[in-house]
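>
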Amino acid sequence: SRGDGRAGTLAPCKIFPSNLDNPTKTYELRTSHSSWSVVFGQKAELCSLPFQIVSKGIPMRARRIHTPSGKKDPLEIFLGSQSAVPSGAELAWSYGRIDARDSLVFRSDQQPLEVTYDLIVGCDGAFSTVRKQFMRQTRFNYSHEYIPHGYMELTIPPKDGDFAMEPNYLHIWPRNTFMMIALPNMDKSFTCTLFMPFEEFEKLTTGEQVLSFFQTYFPDAIPLIGERELKHDYFLLPAQAMISVKCSSYHLASQCVLMGDAAHAVVPFYGQGMNAGFEDCLVFDELMDQFHNDLGVCLPEFSRLRVPDDHAISDLAMYNYVEMREHVNSMWFIFRKHVDNFLHTLMPSTIVPLYTMVTFTRIRYHEALQRWKWQKKIINRGLFVMGAAGLCGTFLLIKWLAQDLDFRMENLWVWSHYLKNNGNFPFGTQVA
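Take the sequence shown: its position 389, counted from the start at 1, is 389 in UniProt numbering, and no numbers get skipped.
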């Protein structure tokens, strides 16, 4: 296995010791896990260490929207330690690249080491060196896209030894073309991430400009971060780029397969990057059992199943950025969310919100996307029909009331004319 990130760590933990005769070895460029810093994600139960990992996280129960008026993560360090690796699996640090054709592994000092293998698993991230060897082959499709927005991280420190905001929410400051989010940490701080077009970052060149910008768009965040800290921390690091990678297929003959970001790096706005990598391992494990460890059959089937799913979650992550920074400000969007949730309560197996399908079920990503589009079409048509029926009903009611009013006015005029001429009502007459 090449790469010891989340997918690269899970692969030897879950799959290969139980499915291959030879022991597994993971080659990692970094010198140790002590330099790692990542964000905790979901579906950690796939690595068979649920309690230890979930206990290191904070549950997110809902979004908290902020209007204009208004410590290192332990996951990879735990998974990347030798105590989490099963017998038969080994971690090797400071290895820069693998040459699958010549069975060579190169140390970071470029010294080669010849190895034998059943299968190479490339889990070496968005800039995968294993994937570069795929690109030498014919009929390998590859594309990457840098989105025009970058990101910058800021910190909200604890207040009086506790969280400065409600910890069980994903805090969002949506501002249409940009946004800021905040996620809680175990040390009771929050990590704020500002997502914004690069040209907007470049406009802010002094601490006073940064403070003025936050006073305009994120006024409630200033006392949480601190004016001095904000003006200082903003310039610690430049805004970082975000890349989305798509490729197909994920395998090379029966010798090599890509997983995790090496196969499908996604932008972070759906919180599914780690989950997609974990599902790669889970699906591969299921296929190995189904096809009795026959790599010649398993690898093509893995590509057939995972490529459409991973492309779908990539597209959903792009869409969710627009939703988080812009749509959540729309009254129609909020109304539709209430309608979706109401219909889900009435018909839980028929109408399922997209986020629920993606995050809390094993529904495949591309099937969830297709089902969501179908639900969206049906619900929108239903709302249109109901709206049209409501308008027609209102028109008919107003028309009936107008006719009834004309009749009553005419009746009143007749009686008033009669009273004027006769002075009183006929005996026994009642006025309607």
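Think of the CB as a built atom: it goes at the ideal place given N, C-alpha and C, for glycine as much as any other residue. This structure is a prediction, so every number in the text was calculated from the model and none was measured.
(1) Which of helix, strand or coil does DSSP assign to asparagine 380?
(2) Please state whether the Cβ-Cβ distance between leucine 211 and histidine 251 is less than 8 Å.
(3) Is the Cβ-Cβ distance between leucine 224 and methionine 152 less than 8 Å?
(4) According to DSSP, which residues form a beta bridge with threonine 129?
(5) Is it right to say leucine 46 is buried, meaning 16 or more other beta carbons lie within 10 angstroms of its own, or is it exposed?
(6) Leucine 230: buried (16+ other C-beta within 10 angstroms of its C-beta) or exposed?
(7) What are the residues that DSSP puts in a beta bridge with methionine 179?
(8) Less than 7 Å between the CB of alanine 126 and some heavy atom of the ligand SAM, yes or no?
(9) According to DSSP, alanine 62 sits in a beta bridge with which residue or residues?
(10) Mind the definition here: the segment 237-250 touches the segment 124-143 only if three or more C-beta pairs lie below 8 Å; say whether that holds.
(11) With distance defined between alpha-carbon atoms, name the residue in Met180, Arg362, Gln375, Gln240 nearest to proline 68.
(12) Over the uninterrupted beta strand (DSSP E) stretch that includes valine 245, give me the two end residues.
(13) Among Val339, Ile65, Arg63, which residue has its Cα nearest to the Cα of asparagine 380?
(14) What's the C-alpha gap between leucine 369 and alanine 312?
(15) By the 10 Å Cβ neighbour count, where 16 or more other Cβ atoms means buried, how is aspartate 187 classified, buried or exposed?
(16) Starting from the N-terminal side, write out each stretch of the beta strand (DSSP E) that is 3 residues or longer and does not extend beyond the segment 252-320.
(17) Are there 16 or more other CB atoms within 10 angstroms of the CB of proline 174, so buried, or fewer, so exposed?
(18) For glycine 125, which option in Gly226, Ala276, Leu204 has the closest C-alpha, if you only look at C-alpha atoms?
(19) If you run the structure through DSSP and keep just helix, strand and coil, what is serine 143?
(20) DSSP on lysine 159, reduced to helix/strand/coil?
(21) Do arginine 63 and leucine 258 have their beta-carbon atoms positioned less than 8 Å apart in this structure?
(22) What separation, rounded to the nearest whole angstrom, lies between the Cα atoms of lysine 377 and leucine 305?
(23) Could you please give the first and the last residue of the uninterrupted alpha helix (DSSP H) stretch that includes glycine 207?
(24) What does glycine 150 pair with, by DSSP beta-bridge criteria?
(25) With 16 as the cutoff for other CB atoms within 10 Å, does methionine 386 come out buried or exposed?
(26) Please identify the residue among Ser303, Thr155, Tyr169 whose C-alpha is closest to the C-alpha of tyrosine 234.
(27) What does the alpha-carbon distance come out to for the pair leucine 383 and cysteine 392?
(28) Going straight from the alpha carbon of histidine 264 to that of histidine 66, what length do you get?
(29) Are there 16 or more other CB atoms within 10 angstroms of the CB of phenylalanine 333, so buried, or fewer, so exposed?
(30) Distance check for threonine 138 and lysine 56, CA to CA, integer angstroms please.
(31) First and last residue of the alpha helix (DSSP H) that includes residue 437?
(32) Using the rule of at least 16 other Cβ atoms within 10 Å of the residue's Cβ for burial, across every protein chain shown, is glutamine 272 buried or exposed?
(33) DSSP three-state call for proline 353: helix, strand or coil?
(34) Can you give me the start and stop residues for the alpha helix (DSSP H) that threonine 361 sits inside?
(35) Whole angstroms are fine: how far does the CA of lysine 203 sit from the CA of arginine 362?
Considering the structure as presented:
(1) helix
(2) no
(3) Not closer than 8 Å, so no.
(4) Beta-bridge pairing links threonine 129 to no other residue.
(5) Any reading at leucine 46 must be qualified, since the residue scores a pLDDT of 46, below 50, and its modelled position is unreliable; the value itself is stated next. Buried, since its Cβ has 16 or more Cβ neighbours within 10 Å.
(6) buried
(7) Pro174, Phe195
(8) The ligand content of the structure shown is nil, which means the ligand SAM is not present either.
(9) Tyr169
(10) With a cut-off of 8 Å, the segment 124-143 and the segment 237-250 count as touching, because enough Cβ pairs lie within range.
(11) Met180
(12) 243-248
(13) Val339
(14) 7 Å
(15) exposed
(16) 256-258
(17) By the 10 Å Cβ count, proline 174 comes out buried.
(18) Of the listed residues, the one whose Cα sits closest to glycine 125 is Ala276.
(19) strand
(20) strand
(21) no
(22) 26 Å
(23) 207-217
(24) Met196
(25) exposed
(26) Per the Cα distances, Thr155.
(27) 14 Å
(28) Their Cα atoms are separated by approximately 32 Å.
(29) Exposed.
(30) 44 Å
(31) Because the chain in this structure spans residues 1 to 432, residue 437 falls outside the shown range and cannot be described.
(32) buried
(33) coil
(34) Neither: threonine 361 is in no alpha helix (DSSP H) and is coded neither H nor E.
(35) 44 Å
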